[in-house]
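Our numbering numbers the first residue of the sequence shown as 3 and each following residue consecutively.
Beta carbons are placed, not taken as given, at the ideal position from N, Cα and C, and that holds for glycine.
All remarks here apply to the structure that follows.
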Amino acid sequence: MTGEELTRRLEGHDLVLLDVRTPEEYTGAAGYPCDPRQGHIPGARNIPLERLLGADGDDIRRVVGAPEGSEVVAYCHSGQRSGLAVAALANAGYRAENYEGSWHEWSRRPDPDAE
Numbered sequence: 003m004t005g006e007e008l009t010r011r012l013e014g015h016d017l018v019l020l021d022v023r024t025p026e027e028y029t030g031a032a033g034y035p036c037d038p039r040q041g042h043i044p045g046a047r048n049i050p051l052e053r054l055l056g057a058d059g060d061d062i063r064r065v066v067g068a069p070e071g072s073e074v075v076a077y078c079h080s081g082q083r084s085g086l087a088v089a090a091l092a093n094a095g096y097r098a099e100n101y102e103g104s105w106h107e108w109s110r111r112p113d114p115d116a117e
């Protein structure tokens, strides 16, 4: 999924957006110096990747809090951790996609609503 696709989909509110980075990355307390700003995409919920890996489908659905079959988009800093998350989410029955540009791309947006 591209940043433009994600922007359009967020306006429709028909997907679950998961930030699978650490809580410190999500809040902006930590991050990568290559990014112009720190934080998270508005509307994203923080579920660190470690909470998804090794969990069974029931546990993942409980953590995500969305019914099986829901559309879920995951992101991280550069798309690697979220790629792993997508596999776990798909195994739990979600229609999961990876926002490959992730925070590295989103942090460069001039949008003042970006957190």
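Straight-line Cα distance separating residue j from residue i
i           : j          : result
residue 63  : residue 22 : 15 Å
residue 78  : residue 99 : 12 Å
residue 33  : residue 88 : 22 Å
residue 20  : residue 35 : 22 Å
residue 103 : residue 53 : 22 Å
residue 11  : residue 37 : 24 Å
residue 112 : residue 72 : 30 Å
Residue i - partner residues in DSSP beta bridges
i          : result
residue 47 : 20
residue 28 : Looking at the DSSP assignment, residue 28 forms no beta bridge with any residue, so it has no partner.
residue 75 : 19, 99
Same chain, Cβ closer than 6 Å to residue i, neighbours up to 5 away in sequence not counted
i          : result
residue 8  : 101
residue 83 : 22, 51
residue 93 : none
Own chain partners of residue i with C-beta closer than 8 Å, once the 5 adjacent residues on each side are dropped
i          : result
residue 24 : 32, 50
residue 68 : 18, 74, 96
Same chain only: Cβ atoms within 7 Å of residue i, ignoring 5 sequence neighbours per side
i          : result
residue 46 : 19, 20, 21
Distance between beta carbons of residue j and residue i, contact taken as under 8 Å
i          : j          : result
residue 40 : residue 30 : 4 Å
Runs of alpha helix (DSSP H) lying entirely within the stretch 80-105, each at least 4 residues, in chain order: 82-93
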